[in-house]
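Note that this note's numbering has the sequence shown beginning at 124, numbered continuously upward.
Structure, as structure tokens:
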Amino acid sequence: MVTTIPLRPETRARLDGVTVHPRESYDEALNRFPDMAYDPEPLSEETLKEIEDGIADIQAGCYRSLEDSAQGPGLE
Numbered sequence: 124m125v126t127t128i129p130l131r132p133e134t135r136a137r138l139d140g141v142t143v144h145p146r147e148s149y150d151e152a153l154n155r156f157p158d159m160a161y162d163p164e165p166l167s168e169e170t171l172k173e174i175e176d177g178i179a180d181i182q183a184g185c186y187r188s189l190e191d192s193a194q195g196p197g198l199e
């Protein structure tokens, strides 16, 4: 079923900005977003452990601020 929905001009401009090619419909563009956001492949045990370790490091205060990290070579 095809449905017409009203779009504000700024919404239409944003949709125009995310289309992959000029002939891509808004329907195709909008359907890409959930596909991009959802990954059906579950995280591996190794990845889950790395995430847990990272959270534990942050909770323990073992991290550098963005400003400190930007002081590295070649970063400003």
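We treat Cβ as the ideally placed atom computed from N, Cα and C, and that holds for glycine.
Three-state secondary structure (DSSP) of residue i
i           : result
residue 161 : coil
residue 192 : helix
residue 135 : helix
residue 152 : helix
Rounded straight-line distance, which links the Cα of residue j to that of residue i
i           : j           : result
residue 167 : residue 158 : 20 Å
residue 152 : residue 164 : 22 Å
residue 72  : residue 135 : In the structure as shown, the chain starts at 124 and stops at 199, and residue 72 therefore has no counterpart that could be examined.
residue 169 : residue 177 : 12 Å
residue 129 : residue 160 : 25 Å
residue 175 : residue 186 : 14 Å
Residues near residue i in its chain [Cβ-Cβ closer than 6 Å; skip 5 each side]
i           : result
residue 193 : none
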